[in-house]
Structures are given as C-alpha cells and as structure tokens.
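Read through the structure below, which is laid out as structure tokens, and then see the notes.
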Amino acid sequence: MSKRRDFLKKIGISSSLLSLGFIGSCSDSKNVSSNSQAQLPLFISTWNNHKANSTAFNTLKEGGTVLDAIESGIHVPENDPNDTSVGYGGRPDRDGYVTLDACMMSSDGNAGSVTFMSGFKNPISVARKVMENTPHVMLSGIGAEDFALQEGFEKINLLTDDSARALEEWSVKSKYAPKINAERHDTIGMLGIDAHGDLAGGCSTSGLAYKMRGRVGDSPIIGAGLYVDNEIGAATATGLGELIMKTVGSFLVVELMRNGLSPQEACKTAVKRIASRYNVDDSQVGFIAVNKNGAFGGYSLRSGFQYVVNKSPQTELFDSSYLL
Ligand code: ASP
C-alpha cells in the first residue's frame, strides 16, 4: 500500500508533464469511423476533463496500473475548487451541505462506491478503499465518512465561499427544479484501457446542485453511472441521474456492446431508450463507452455534451453526437 502512496506522490511531482497535453477537436463521426484500429492505452472522460485525462495517461506511463491512473486523473477535478460539479467546491444541496458520490470498477470485476459522503475531498479514493479493503461494494453517509477517517483521509470543509454565495443567490427564489438542462456540467466519468486491453473506470460527482438532502444520483451506482466488464468494454454516464438510474444506463451500454453494437451505437441506443420511455424535457444525458479493442464513442440527448480522449499524452476533445 505504501508503495502505491509513494507512486502517487511521484505522480504529483511530475505534474509538469501535464503541459504536454493539448486540446484538439474533431467531429464525432470522424472519431467513430476511425477508431476501430485502436491505439492503446486509451483514456476517455466525460466533458472537457483534459487535465484529468493527461494525468491518468502519465500515471500509467510512469508505471501505475490503469486503476491508479483513473484514480489520479479523477483527483484533478475533485481537488479543483472551480469545478462546481465534483469534490471540493462542488455545489451544495439546498440545505447547504456538499455531499459527494463516487465509484470505481477494476478489470477483475470488483467494485467500490461511496454515496452521500461529506467532508472528504477525494471520494474516488475512498470508493477504491471500499473496493479493496472491505467485503462490501457501497458505503453511505456517516458510515462512509467514518470509514474514510479510519483509512486516514483528512476531513475538510468542502463548501467554498463561492459555493456558499451561489447557494445564497439560489435561496432567494429557492426554485427546486431537479432537472439538468443542456448546459455544461462537469461530473467526471473516466474509462481506461491499458496496453494489455485491461479495463477500469471511475466516476465522481457532487450531484445535482441544490438537490434535496439525501439525494443520490447515478454516479456511484454500479451499472447506472459506471460499468466495466473486462471481456466486453466499459461505459460511464453524466446528466440527470434519475433517468440514468431508471434505465441502468451504463450496464445497458455494455450489454449492447456484448450484443455486437459498437461503443457509439450502444451509447446512442441507450439514449434512445431513455428518450422513448421518459419525459426528457430540459434534461441532458450523455454516455461514453470503450470496447475491449479500444474503439470508443459517446452520445447524448442534446447538443453540448463533450468528451475527451487520450491515446497519447495529447488530449482530443470531441463534440458528442446527439438525439434531439
Ligand atoms: N449524473 C450526476 C447526478 O445525477 C450529475 C451530472 O452528471 O452532472 O448526480
């Protein structure tokens, strides 16, 4: 375990390697048709999480496992106070509490998750500890917090001045509308595949801004916000968690790939399923997926969803294709 800590420290020191990354852009259709002959390793993340992806790529390059890589990558938005959808600086619930959700899955099919957890900057790492150090998959609320303390994580106040101010402004109208519109938000779901074709994934979020206290979204739910099957592929989701949970979205995408669909077609089919069953007015949902060969894709309900891919230290940004 200490070997891993040393390793992550090393990654921190070499963070200047991030500057190797750049943001490119190309059409989704180009991506879909050109990635059947995949170059590995590969990382793909929701939204423009380019620093997270470059960090993951470099962690792998420096000898970490694909799981180490994903954990280190997801730390980037979790630690960023300006990222208001993940970790420290995440928007609070309507009572002023920042509560975080996260999960991880490894190539051996193991899974760990924390939900409704306050006071810890890196829920992804606590989720990993749940996976590796307990006989359980999910710890929630006070139990997750007690476990994080036992594991040596530092308790901090996650509510930044900026988030407190934003809550005050929101409280003037207190209009509770648990919808996610097409605007950008930054929940990170990251999938990785190493040079041997082994897959892993992680997902971390502060969930819907001004949600009801106790609300948990799709992001920490294995099968909804994330699913990894090392024989087939992996998928992760962002957007209105309620829609993703009701359709077990990420599991659905992986099962569609099992039935022969490409990652892109699988994401599209899952989005269509959601749109055909539920009222999706003002909602956004986006999926990304990668298969065992390293082909990848993404698809969303509406325009505006983006994802980033690294097949080298350089990051490519894709505008997702969309349904509506
Ligand atoms: N899926 C997340 C949730 O519902 C939110 C997001 O992706 O922005 O909690």
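Each residue of the sequence shown is one higher than the one before, counting from 1 in this note's numbering.
Yeah, the Cβ is synthetic: ideal placement off N, Cα and C, and Gly gets one too.
Asked, Found
"Along the chain, which unbroken stretches of the alpha helix (DSSP H) at least 4 residues long are found entirely within the stretch 60-142?", "66-79 and 123-133"
"In terms of DSSP beta bridges, what is residue 300 paired with?", "286 and 322"
"Going by CA-CA distance only, name the one from 274, 223, 299 and 234 that's closest to residue 201.", "234"
"Can you tell which of 228, 290 and 72 has its C-alpha closest to the C-alpha of residue 107?", "228"
"Should residue 243 and residue 221 be called a contact, given that it needs their Cβ atoms to be closer than 8 Å?", "no"
"Using 8 Å as the Cβ pair cut-off and three pairs as the minimum, do the stretch 108-128 and the stretch 257-276 touch?", "no"
"Which of helix, strand or coil does DSSP assign to residue 22?", "In this prediction, residue 22 has a pLDDT of 27, which is less than 50 and means its spatial position is unreliable; nothing more can be read from the coordinates."
"Is the separation between the beta-carbon of residue 123 and that of residue 102 shorter than 8 Å?", "yes"
"With C-beta atoms as the reference, is residue 188 less than 8 Å away from residue 49?", "yes"
"Applying the criterion that 16 or more other CB atoms from any shown protein chain within 10 Å of the CB defines a buried residue, is residue 171 buried or exposed?", "exposed"
"Less than 7 Å between the CB of residue 208 and some heavy atom of the ligand ASP, yes or no?", "yes"
"To the nearest whole angstrom, what separates the beta carbons of residue 290 and residue 42, a pair I think is in contact under 8 Å?", "7 Å"
"Could you check if residue 165 is buried or exposed, using at least 16 other CB atoms within 10 Å of its CB as the buried criterion?", "exposed"
"Does the count of Cβ pairs from the stretch 148-167 and the stretch 70-88 closer than 8 Å reach three?", "yes"
"Is residue 68 near the ligand ASP, in the sense that its beta carbon is under 7 Å from a heavy atom of that ligand?", "no"
"Determine whether the beta carbon atoms of residue 45 and residue 307 lie at a separation below 8 Å.", "yes"
"Taking 7 Å as the cut-off, is the CB of residue 327 close to at least one heavy atom of the ligand ASP?", "The requested residue 327 does not occur in the structure, where the chain is confined to residues 1 to 324."
"With a CB to CB cut of under 6 Å and the five nearest residues on each side skipped, what residues in its chain are close to residue 138?", "113"
"Measure the Cβ-Cβ separation of residue 258 and residue 288 and say whether it is below 8 Å.", "no"
"Beta carbon of residue 309, beta carbon of residue 237: below 8 Å?", "no"
"Tell me where the alpha helix (DSSP H) around residue 264 begins and ends.", "263-277"
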